[in-house]
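**Q**
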Amino acid sequence: MSTDQTPGGSYAPALETPRSPYKRNKPTRTNWELYGWLFMRMSGLLLIVLVFGHLFVNLMTGEGIHQIDWSFVAGKWASPFWQTWDLLMLWLAQLHGTNGVRTVINDYAERDATRFWLKMALYVATVIVLVVGTLVIFTFDPCADPNSTLEICRAGSANVPSITN
Amino acid sequence: MATSLTPPGQGAPVGKSKTGRPAGTLYRGREGMWSWVMHRISGVLIFFFLFVHVLDTATVRVSPEVYNGVIGQYKNPVMGLGEAGLVGAVVFHALNGVRIILVDFWSGGTKHQRKLFWGVVGLWVVLMVPFLVRHLTNVFTH
Numbered sequence: 260m261s262t263d264q265t266p267g268g269s270y271a272p273a274l275e276t277p278r279s280p281y282k283r284n285k286p287t288r289t290n291w292e293l294y295g296w297l298f299m300r301m302s303g304l305l306l307i308v309l310v311f312g313h314l315f316v317n318l319m320t321g322e323g324i325h326q327i328d329w330s331f332v333a334g335k336w337a338s339p340f341w342q343t344w345d346l347l348m349l350w351l352a353q354l355h356g357t358n359g360v361r362t363v364i365n366d367y368a369e370r371d372a373t374r375f376w377l378k379m380a381l382y383v384a385t386v387i388v389l390v391v392g393t394l395v396i397f398t399f400d401p402c403a404d405p406n407s408t409l410e411i412c413r414a415g416s417a418n419v420p421s422i423t424n
Numbered sequence: 111m112a113t114s115l116t117p118p119g120q121g122a123p124v125g126k127s128k129t130g131r132p133a134g135t136l137y138r139g140r141e142g143m144w145s146w147v148m149h150r151i152s153g154v155l156i157f158f159f160l161f162v163h164v165l166d167t168a169t170v171r172v173s174p175e176v177y178n179g180v181i182g183q184y185k186n187p188v189m190g191l192g193e194a195g196l197v198g199a200v201v202f203h204a205l206n207g208v209r210i211i212l213v214d215f216w217s218g219g220t221k222h223q224r225k226l227f228w229g230v231v232g233l234w235v236v237l238m239v240p241f242l243v244r245h246l247t248n249v250f251t252h
């Protein structure tokens with residue numbers, strides 16, 4: 260904003276100092292904050308479905324928290340449906356959370372350097388979570404456990420040459 | 111400069127109320143402010159849990175034994191209560207998020223924002239009671 264607040268409380272445009280240096284890079288107006296604001300609302304609505312579904316299937320069905328072990332995860336990620344669900348949830352939740360924490364940092368960290376480094380730490384953490392999370396979902400092998408009773412693992416074992424031959 | 115720390119209507123107090131506090135502000139100290147405070151706290155809490163949760167889930171790529179060992183740390187009464195608190199924060203953040211969307215996009219949103227807040231609280235109780243019964247039964251009777 261090129262307005263300064265005068266002691267009287269009214270707003271007046273700031274006067275340029277005579278012979279002030281010519282600014283080659285004029286601040287351009289972008290809509291990034293508008294897109295961020297809209298993203299928070301859109302991703303928020305999707306996350307209600309994704310996170311509530313995630314919590315219900317993992318904590319309310321079967322034995323609840325006690326059913327969660329490696330083979331439970333393998334059973335879910337053997338299906339492209341849950342892979343897609345979890346991938347979408349990972350990206351939307353992490354970006355929603357990053358933008359929210361960015362707002363909190365901007366509000367409370369008053370020194371420029373503090374604000375800069377807190378946001379750098381935030382962005383590094385975000386990249387780590389997104390890269391690690393995405394790699395895990397795409398490279399996970401539900402048949403890594405030799406004792407797996409999953410359908411796809413038994414079907415796959417038919418292609419393995421049998422030792423008894 | 112207006113930041114999200116400056117709720118609308120807070121800029122210029124219209125007059126003083128009988129209690130000596132500035133009157134004519136939209137948010138200060140009422141449902142609007144407290145829902146905003148709780149939205150921030152629950153959001154930051156969920157953010158840190160998400161970070162831990164993605165990393166603990168990533169151990170499925172190490173081996174079944176390592177993942178089962180890590181996830182086993184969640185299966186005790188102390189963590190069970192923590193999970194209940196976390197789900198409470200998620201449900202509040204979700205419902206209050208819908209309230210924020212209604213305040214932003216629905217023509218009656220600002221007028222009814224206080225009623226919407228109590229709607230959030232009521233719906234939170236309705237969702238949390240069956241969840242807590244089921245989850246805490248799983249946690250404590252296993």
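So the protein lines, in turn, are chains A and B.
Here the numbering used here is used: the first residue of the first sequence is 260, the next is one more, and so on.
Here the numbering used here is used: the first residue of the second sequence is 111, the next is one more, and so on.
Glycine included, C-beta positions come from ideal geometry on N, C-alpha and C.
Just mark valine 236(B) as buried or exposed, buried being the case when its beta carbon has 16 or more other beta carbons within 10 Å.
**A** Taking a 10 Å sphere around the C-beta of valine 236(B), we find fewer than 16 other C-beta atoms and assign the residue as exposed.
**Q** Need the endpoints of the alpha helix (DSSP H) that valine 391(A) sits in, please.
**A** The continuous alpha helix (DSSP H) containing valine 391(A) extends over residues 371-398.
**Q** Report the rounded CA-to-CA distance for serine 279(A) versus valine 363(A), giving the unit in angstroms.
**A** 36 Å
**Q** Compute the Euclidean distance between the alpha carbons of glycine 356(A) and proline 277(A), then round it to the nearest angstrom.
**A** 46 Å
**Q** For tryptophan 228(B), I'd like the list of residues in its chain whose CB is within less than 8 Å of its CB, leaving aside the five on either flank, ordered along the chain.
**A** Glu141
**Q** Relative to the C-alpha of glycine 207(B), which candidate in Leu226(B), Phe159(B), Glu193(B), Phe158(B) has its C-alpha closest?
**A** It is Leu226(B) whose Cα lies nearest to the Cα of glycine 207(B).
**Q** Would you report the Cα separation of leucine 318(A) and methionine 238(B), rounded to the nearest angstrom?
**A** 13 Å
**Q** The stretch 318-331 of chain A: which residues have C-beta closer than 8 Å to a C-beta of chain B, in chain order?
**A** Leu318, Met319, Glu322, Gly323, Ile324, His325, Ile327, Asp328, Trp329, Ser330
**Q** Given methionine 299(A), which residues of its chain have a CB within under 8 Å of its CB, disregarding the five upstream and five downstream residues?
**A** His355, Asn358, Gly359
**Q** Is there a C-beta anywhere in chain B that falls below 7 Å from the one on aspartate 371(A)?
**A** Not one chain B Cβ lies under 7 Å of aspartate 371(A).
**Q** Looking at the C-beta of leucine 233(B), does it have a partner C-beta in chain A at a distance below 7 Å?
**A** no
**Q** Which term fits proline 401(A), buried or exposed, when burial requires 16 or more other beta carbons within 10 angstroms of its beta carbon?
**A** buried
**Q** Contact defined as beta carbons within less than 8 Å: I believe leucine 246(B) pairs with alanine 194(B). What is the distance between those atoms, to the nearest angstrom?
**A** 7 Å
**Q** Check whether the Cβ of glycine 312(A) lies closer than 7 Å to any Cβ atom in chain B.
**A** no
**Q** Find the residues of chain A that neighbour leucine 160(B), judging by a C-beta separation of less than 7 Å, and give them in chain order.
**A** What leucine 160(B) touches in chain A: Ala352, Gln353, Gly356.
**Q** Helix, strand or coil: which one does DSSP assign to tyrosine 184(B)?
**A** coil
**Q** Can you tell me whether arginine 288(A) is helix, strand or coil according to DSSP?
**A** coil
**Q** Considering only residues of the same chain and omitting the five flanking positions on each side of leucine 314(A), which have a CB-CB separation below 6 Å?
**A** none
**Q** Give the residues from the stretch 389-400 of chain A that approach chain B closer than 7 Å (Cβ to any Cβ), ordered along the chain.
**A** Val391, Gly392, Val395, Thr398, Phe399
**Q** Roughly how many angstroms lie between the CA atoms of alanine 308(A) and isoleucine 181(B), to the nearest whole one?
**A** Going by the sequence as given, residue 308(A) is valine instead of alanine. Their backbone Cα atoms lie some 24 Å apart in a straight line.
**Q** Ignore the nearest five residues each way along the sequence and tell me which others in alanine 333(A)'s own chain have a CB closer than 6 Å to its CB.
**A** Beyond the five residues adjoining it in sequence on each side, alanine 333(A) comes within less than 6 Å, by CB distance, of Pro401 in the same chain, given in chain order.
**Q** Does DSSP put glycine 321(A) in a helix, in a strand, or in coil?
**A** coil
**Q** Leaving out the 5 sequence neighbours to the left and right, which residues in its chain are closer than 6 Å to cysteine 412(A) when beta-carbon positions are compared?
**A** Cys402
**Q** Among Gly303(A), Leu297(A), Ala273(A), which one has its Cα closest to the Cα of leucine 351(A)?
**A** Closest in alpha carbon position to leucine 351(A), among Gly303(A), Leu297(A), Ala273(A), is Gly303(A).
**Q** Output yes if chain A places a C-beta closer than 7 Å to the C-beta of proline 174(B); else output no.
**A** yes
**Q** Below 8 Å on the Cβ atoms is my guess for isoleucine 324(A) versus valine 249(B); work out the distance and round it to an integer in Å.
**A** 6 Å
**Q** Quick check on DSSP: helix, strand or coil for aspartate 328(A)?
**A** coil
**Q** Would leucine 274(A) be called buried (16 or more neighbouring beta carbons within 10 Å of its own) or exposed?
**A** exposed
**Q** With a threshold of 8 Å, are at least 3 pairs of Cβ atoms found where one atom belongs to the stretch 152-162 of chain B and the other to the stretch 366-378 of chain A?
**A** no
**Q** Under DSSP, the alpha helix (DSSP H) around serine 145(B) begins and ends at which residues?
**A** 141-168
**Q** Specify whether the stretch 379-395 of chain A and the stretch 162-178 of chain B touch according to this definition: at least 3 beta carbon pairs, one from each stretch, less than 8 Å apart.
**A** As far as the Cβ criterion goes, the stretch 379-395 of chain A touches the stretch 162-178 of chain B, which means the pair count is three or higher.
**Q** Are the CB atoms of leucine 297(A) and glutamine 353(A) within a distance shorter than 7 Å?
**A** For glutamine 353(A) and leucine 297(A), no; Cβs fall outside 7 Å.
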